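Counting from 1, one number per residue, gives the positions in the sequence shown under full-length UniProt numbering.
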Amino acid sequence: MANQVPDPRLLNSWEDAFQYPLPVVRKLEQQLRKNIDDNRQKLRSLVGASYRDLLGTAEKIIEMDAQMQAVEGHLGDIGRKCNARAVERASDNYARMSKTLSGTDSERLQTMAQTKVLRSALSVAARTIKAGGDALLVSKLLVLARLLHKGVSESADPPPILDDLRRKLALLRRKLLSYIERALVKPDTERSSLAHTLCAYSLVSSSAPKDVLRHFLQARFQQLEASSETPSEASVTAMLDLYKQTLLDTRALFPRLFAEALSHLSNVSLLQDKQLVTMFELNIDVYGIWIPEDVRSFTPWVRHEQLTTAEVANGLASWAKQARAAVLTAAKDCVRREDDAHAVLDIRKKVLSQYLTLSTNSRDGNHSEAIGNLRDIFLERLEELAADRARCVGYNVIVTDQPSQQQPSHMWELALSDIGLNGGAVHFRQEVVDRRHGRGVQIRASVDKLDTWMSGLDAFWRLTQQMRSTKWDDVLDLDFDGLSDGTSIQDDLSKLDTHRLQDWFREAASRALHEMYSWVEQKAASDVQAAVLIRLLREIDQRRLILTDRFGVSTLETSSPEAVGKLHRRIAETVSETALQQYTTSVRKRLAPAVALWDGSTPLPVQPSPATFKLLASLHKSMSAAGDDFWSPAAVNALRSLLNEKLAYVLYPSPSADGGQGPPLTNGHAAATEDSANGTSEVASDEQPADESTRHKLLQTLFDAMYLQCITSSKELSPRDQGLQTLVGSIKGQLELDDASSGRLRKSANEYWKRTYLLFGLLATGSN
């Protein structure tokens, strides 16, 4: 029991706690601390639960304190003013005022009161306009100000400030009209507010309902014209919004809603209007007794001319026609500024979507014609962009700038080139293709231009595919069945427009190809390098095939065979010029042939002369140096034709008697001359060769001609290009060879060609 903790409530002072043993005191301390913590938690919970009540009580106390202070202040003022002296002064003032009112100052005070109300009305009107307030309230204030100004100006002693007030009244009237203009075109305005604004215009301008309708439509049209001055996608869509809103507002306001709003104005006199009476700035309750009776009883006058539904419909139809023309003009100016077909398509999608939605909601009966006009505007711009995209510019820059004589690098030089492999084998493959097609420095820039041109065409074609795949009913989220021709409109937008644009695109691409081919044909007759023109023509042909396969472009126009033939002829002349000059020199200086190597009982040549073999090797080298990509069958045939013509003169260079090609004929046989000093001999058709050496030379020449025939002969050669055949016949006639010997020579020449033609791969292309 000695360790029992005492009840703290029974302790009279803190000293009583220490009368117990120390353990008891310690337990007492712990018990007190625990009780303190419990009480603290309880208090915190209570305070938290009633915190809002405490805040409300505090706010109420503060509010009551403020009210008490205000009451005390008012009571103090009342106490100060209710003394005997103040009451006496007020009584004297009232007596004096009564005496003054009944005296000669009555008219002056009336003028002062009216002037005060006039100034207040003008100030409130200016402030309301500046704050964007109710236009109808401003118009009522201006009507009141005009009446007061008239009354004050007719008084016996008008105040000097009256002229300033008159100018301010005129200025405020102009500001109000301008404010009404802005309010009428403000987007998303409630129709009740529009009705008040129109009533304000009718009140301030004394206009009839027909004039108000005309002014409303004129204000909206001027806003359309202002938006069209800076044509853009946003301005066109804003114009369509205003166009739609005007149709809906006009049908809702006129004639019923506007007529009802006008009728409310004439029901109450001006000074009994609730808006004016409750306006403390005017102090109507104070100055009302000084305002003349005619002003106090004035009721706003409006012209109640009947506006029929037919008149509204006719006026709206006339306005809608002008508005559609303005929208079309703005849309045309907008797309003219766009050079990107993607942007034009986006604008087309937004504008047509908005107009279709507008036609559905506003019941615009002329939507088909307007949509057709909008389609034409966008299609015309897209066709212009298609023509610009199809026009290839710069593909002939290297040719026109007189390219250098640098030839494309050999294919095997790639082994010594350092080609980056960052993108895999793309660069390596491009290098191989460039060398294979002879795309050196001269042609690379033109190829890049053509590739860019093709990329642009491909991108534009994808745009046309997007036009076809557009689902207008999904885009607009509206039912086209609500339109009388909804299905037809969908087909026109998705199919007909796409088909028309694609046809125009194909025509533009075809015209571009025609221009390219015409330019190449024109340059074929000039001094521009034939090699560059051939390579450029090949690049154009490749892209022509791609256009035909990918886009269905009609390519009836191709490269002219005559122009290509001229280019092949020029290339053949350039390639063979040096080799023929060297061969001509070798033929005229050659010595007796190596008869010991001949074969047969009657020895005949079995291999060509070294000069002839060197000629072919030199020709093959020149052809390879010019570029392997040149030598199509047509180009090789052009070279063969040239060789047939030139070699006949080289091997037997005697002009014909009639100036034609080939050796001359005497008594029906070919006559040949060859000077022994210069490596030539002269043989007449009616006599044998001068000696055995001359005969051997003629036999070797005959074999060379037959061997060269194996190379230069072709089915495509015309009879006039068979110069070597004529030469062979002439020499055979001079030598009087029998058929067996001639057959042996022909067989030996053919066999030797079969053994050696692989050495002259380019020359052997398509040979017999």
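Beta carbons are placed, not taken as given, at the ideal position from N, Cα and C, and that holds for glycine.
The model shown is predicted, which means the values in this text are computed figures rather than measured ones.
- Judged by pairs of C-beta atoms under 8 Å, the stretch 190 to 202 does not touch the stretch 227 to 235, as fewer than three such pairs exist.
- According to DSSP, Asp-53 shares a beta bridge with no other residue.
- For the set Trp-519, Ile-489, Val-606 and Ala-596, the Cα lying nearest the Cα of Ser-693 is the one of Ala-596.
- In this model, Val-268 and Arg-80 are separated by some 44 Å (Cα to Cα).
- Rounded to the nearest angstrom, the gap between the Cα atoms of Leu-240 and Ala-331 is 10 Å.
- Between Leu-724 and Leu-642, the gap from beta carbon to beta carbon reaches 7 Å or more.
- Take the alpha-carbon of Arg-755 and the one of Leu-745: they are about 15 Å apart.
- For Ala-740, the closest C-alpha among the options Thr-612, Gln-709, Leu-604 and Ser-713 is that of Leu-604.
- Distances from the alpha-carbon of Arg-251 to those of Tyr-757, His-514, Met-467 and Gly-315 put Gly-315 closest.
- In chain order, Lys-140 place their CB closer than 7 Å to the CB of Asp-273, counting only its own chain and leaving out the 5 sequence neighbours on each side.
- Fully enclosed alpha helix (DSSP H) runs of no fewer than 4 residues occupy 486 to 491 of the stretch 484 to 519, in order along the chain.
- As summarised for the stretch 189 to 241, the continuous alpha helix (DSSP H) elements at least 4 residues long and confined to that stretch are 191 to 205 and 209 to 228, given in chain order.
- In the DSSP assignment, Ile-711 falls within the unbroken alpha helix (DSSP H) covering 692 to 712.
- Going by DSSP, Asn-750 is part of the alpha helix (DSSP H) stretching over 739 to 756.
- Here Glu-539 is buried. Its C-beta has 16 or more other C-beta atoms within 10 Å.
- With 16 or more neighbouring CB atoms inside 10 Å of its own CB, His-149 falls in the buried class.
- Bounds of the alpha helix (DSSP H) holding Tyr-649 are 633 to 651.
- Pro-255 is positioned such that its CB atom lies closer than 7 Å to that of Leu-307.
- For Leu-148, the enclosing alpha helix (DSSP H) begins and ends at 135 to 153.
- Just measuring C-alpha positions, the residue of Gln-722, Lys-321 and Ser-742 sitting nearest Gln-700 is Ser-742.
- Cβ-Cβ separation between Asp-249 and Leu-379: approximately 33 Å, too far for a contact (criterion under 8 Å).
- Take Leu-165, set aside five residues on each side of it, and the residues of its chain with a beta-carbon closer than 7 Å to its own are Leu-118, Arg-119, Leu-122 and His-149, in chain order.
- For Gln-542, the uninterrupted alpha helix (DSSP H) segment begins and ends at 530 to 551.
- In the structure shown, Leu-271 falls within a helical segment according to DSSP collapsed to helix, strand and coil.
- Put simply, the stretch 371 to 386 touches the stretch 350 to 358. At least three CB pairs are less than 8 Å apart.
- For the pair Leu-727 and Tyr-652, the CB atoms are nearer than the 7 Å cut-off.
- With contacts defined by Cβ atoms closer than 7 Å, Ala-530 and Arg-570 form a contacting pair.
- Around the beta carbon of Thr-585, a 10 Å sphere encloses fewer than 16 other beta carbons of the protein chains shown; the residue is thus reported as exposed.
- For Leu-604, DSSP records a beta bridge to Asp-599.
- A check of alpha carbon separations from Arg-391 across Asp-451, Asp-376 and Ile-284 identifies Asp-451 as the nearest.
- Taking the CA atoms as reference points, Glu-59 sits about 37 Å from Asn-83.
- Counting C-beta atoms within 10 angstroms of its own C-beta, Pro-300 has 16 or more neighbours from the protein chains shown and is therefore classed as buried.
- The beta carbon of Pro-160 lies closer than 6 Å to none in the same chain, with the five residues before and after it left out.
- Around the beta-carbon of Lys-42, fewer than 16 other beta-carbon atoms lie within 10 Å, marking it exposed.
- The C-alpha of Val-124 lies about 35 Å from the C-alpha of Asp-92.
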